[in-house]
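A quick write-up on the structure given underneath.
Residue numbers (the working numbering): 2 to 162.
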């Protein structure tokens with residue numbers, strides 16, 4: 002896997018996407034890296050002092066999400082980094098819905114949201130999913146919702162019983 006450090010123009014574009022999607026304006030003191038397949042990683046700012054071309058590295062940093070088609074889909078770790086800074090597109094869920102989410106199920110959503118949404122339960126950010134508009138009756142609460150959040154928790158990280 003080849004990772005490329007984002008230059009200032011590329012970083013500005015990514016920040017613009019994140020600001021539009023989540024309302025995050027704060028500047029993070031990380032170096033952002035991009036893999037050939039649109040995966041975004043972050044690493045401590047001190048990596049700027051290293052000559053990465055002279056070192057054989059398979060991977061470096063924390064995977065924080067995917068930047069594709071002018072949208073940013075945070076990973077679980079990405080939602081934990083960006084979630085506390087986000088001002089929009091956050092869905093707060095209770096324990097019961099959080100368990101559904103961790104089992105890999107889509108969850109109902111009464112709010113009108115847009116694109117990828119970060120999921121929060123209490124003070125924990127547990128990932129992100131894509132908002133899909135649809136009228137459906139929730140089996141949990143029995144109410145009609147305006148949409149659902151499509152689950153993006155990787156199969157290997159889901160709860161299995």
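C-beta atoms are modelled at their ideal positions from N, C-alpha and C, and glycine is treated no differently.
Option in 119, 51, 133 with minimal Cα separation from residue 77: Taking each of 119, 51, 133 in turn and checking the Cα distance to residue 77, the smallest one comes out for 119.
Three-state secondary structure assigned by DSSP to residue 14: Helix, per DSSP.
Please identify the residue among 4, 152, 126 whose C-alpha is closest to the C-alpha of residue 133. Residue nearest to residue 133 within the set 4, 152, 126 is 152 (criterion: CA-CA distance).
Would residue 6 and residue 34 qualify as a contact pair, given that the criterion is a beta-carbon distance under 7 Å? The answer is yes: Cβ separation under 7 Å.
DSSP beta-bridge partners of residue 125: Looking at the DSSP output, residue 125 bridges to 122.
Quick one: give me the first and last residue of the alpha helix (DSSP H) that residue 96 is part of. 96-103 is the extent of the alpha helix (DSSP H) around residue 96.
Who are residue 74's beta bridge partners in DSSP? According to DSSP, which records beta bridges pairwise, residue 74 is partnered with 67.
With residue 104 and residue 159 assumed to form a contact (beta carbons below 8 Å), what rounded beta-carbon distance in angstroms separates them? Contact holds; Cβ gap of about 6 Å.
Straight-line gap, residue 88 to residue 75 (C-alpha atoms, nearest Å): So the alpha carbons of these two residues sit roughly 15 Å apart.
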